[in-house]
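K.L.:
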Amino acid sequence: MPNHQLLDNVTHKDLKIITEHRPGLGDDASYTNIFPFEYADAQVHYPIFFMKNNLSNKFESIALFGFEQGENLYLSEAGWNANYIPLTIARRPFLIGFNTKNENGAITEEAVVHVDMDSPRVSETEGESVFLPQGGQSEYLEQIASTLNAIHQGHQQNDEFIHALVELDLLESVNIEVELKDGSKHQLGNLYTINENTLDNLSDANLYALHQKSYLKMIYMVIASLGNITKLIDAKNARLTQG
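All residue numbers for the sequence shown refer to the numbering used here, where the first residue is 705 and numbers rise by one.
#1: State the beta-bridge partners of Asn806 as determined by DSSP.
#2: What's the gap between the Cα of Ala868 and the Cα of Leu799?
#3: Relative to the C-alpha of Leu710, which residue among Tyr919, Val817, Asn758 is closest?
#4: From what residue to what residue does the beta strand (DSSP E) around Thr897 run?
#5: Tell me the rounded alpha-carbon separation between Asn787 and Glu832.
#6: So what does DSSP say about Val826, is it helix, strand or coil?
#7: Within the continuous alpha helix (DSSP H) that includes Leu710, where are the two ends?
#8: Look at the Cβ atom of Pro790, then the Cβ atom of Thr736, and state whether they are nearer than 7 Å.
#9: Specify the secondary structure class of Ala909 as computed by DSSP and reduced to three states.
#10: Report yes if the CB atom of Pro824 is closer than 7 Å to the CB atom of Gly730, and no otherwise.
#11: Is Asn853 helix, strand or coil by DSSP?
#12: Using the beta-carbon count (16 or more within 10 Å), is Glu743 buried or exposed?
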């Protein structure tokens, strides 16, 4: 179970974070959430799909890392084999939270930073310092705060983008079936992608509306990203060969 604590410069004055990427540091996941503003960088490296969140029943966009649970084919002892790391990976072990405040009868929510103290990235002997010796925020923590803010804004962008896709019936379920060199087969379900037939038959007015919101280019980035499935297959076959 995670051990989320509100970050402060007294309790966590000596806190350091291991920022490198290698197995055993919590990055062993077959996918992670990404946001539309990340598509331009992510589509170069990862297949992008949509998946329904079991709790909210809302669609989220994801970057796929592997074919089995806990498999990240971009991760090795040498590090992360891609030039772009999604923000939901880069922010670990931090997450954003909200404190409810009552100011003169007005209820407001203040964004605050939490840290998972049970994360294998947490240390007091190695890694990046979170606070400066005098208690101020380190450059690393300022970077994390910026990342968390981008993620917070990304949730709203994601909701608006996917609402447009659903409204125009542009999402379709897809099953990914992969056969590897050793004859083993893998099947991925519960994934959604862009329905290209529906896209091709949209009215000029709907296409223009998507273009005006920059959604059209995001759609084509998702479609283009699917070519990265071949990269995943090649990486998986290479690992099988290495034993």
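Just so it is clear, CB atoms sit at the ideal spot from N, CA and C, and this is done for glycine as well.
Here the structure is a predicted model, which means the values were calculated and not measured.
P.N.:
Result, derived from the coordinates:
#1: By one-based count along the sequence shown, residue 806 stands at place 102. Note: Asn806 sits in a beta bridge opposite Ile811.
#2: Residue numbering aside, residue 868 sits at position 164 when the sequence shown is read from its first letter. Residue numbering aside, residue 799 sits at position 95 when the sequence shown is read from its first letter. When the Cα atoms are used, Ala868 and Leu799 turn out to be separated by approximately 28 Å.
#3: For the purposes of this step, residue 710 is taken as residue 6 along the sequence shown, with counting starting at 1. Measuring from the Cα of Leu710, the nearest candidate turns out to be Val817.
#4: Residue numbering aside, residue 897 sits at position 193 when the sequence shown is read from its first letter. Residue range 889 to 898 is occupied by the beta strand (DSSP E) that includes Thr897.
#5: Taking the sequence shown and counting its residues from 1, one reaches residue 787 at position 83. Taking the sequence shown and counting its residues from 1, one reaches residue 832 at position 128. Each residue's alpha carbon lies about 21 Å from the other.
#6: By one-based count along the sequence shown, residue 826 stands at place 122. Three-state DSSP puts Val826 in a strand.
#7: Translated into positions along the sequence shown, residue 710 becomes position 6. Not the alpha helix (DSSP H): Leu710 falls in the beta strand (DSSP E), residues 708 to 710.
#8: Position 86 of the sequence shown, counting from 1, holds the residue named residue 790. Position 32 of the sequence shown, counting from 1, holds the residue named residue 736. Against a cut-off of 7 Å, the Cβ pair of Thr736 and Pro790 comes out as a contact.
#9: The residue labelled residue 909 in the question sits at position 205 within the sequence shown. DSSP, reduced to helix, strand and coil, places Ala909 within a helical segment of the structure shown.
#10: Position 120 of the sequence shown, counted from the first residue, corresponds to residue 824. Position 26 of the sequence shown, counted from the first residue, corresponds to residue 730. With respect to the 7 Å criterion, Pro824 and Gly730 are classified as neighbours on the basis of their beta carbons.
#11: Taking the first residue of the sequence shown as 1, we reach residue 853 at position 149. Asn853: helix per DSSP, three-state reduction.
#12: Counting from one through the sequence shown, the residue named residue 743 turns up at place 39. Reading off the sequence shown, one finds Tyr at residue 743, where the question assumed Glu. Buried, since its Cβ has 16 or more Cβ neighbours within 10 Å.
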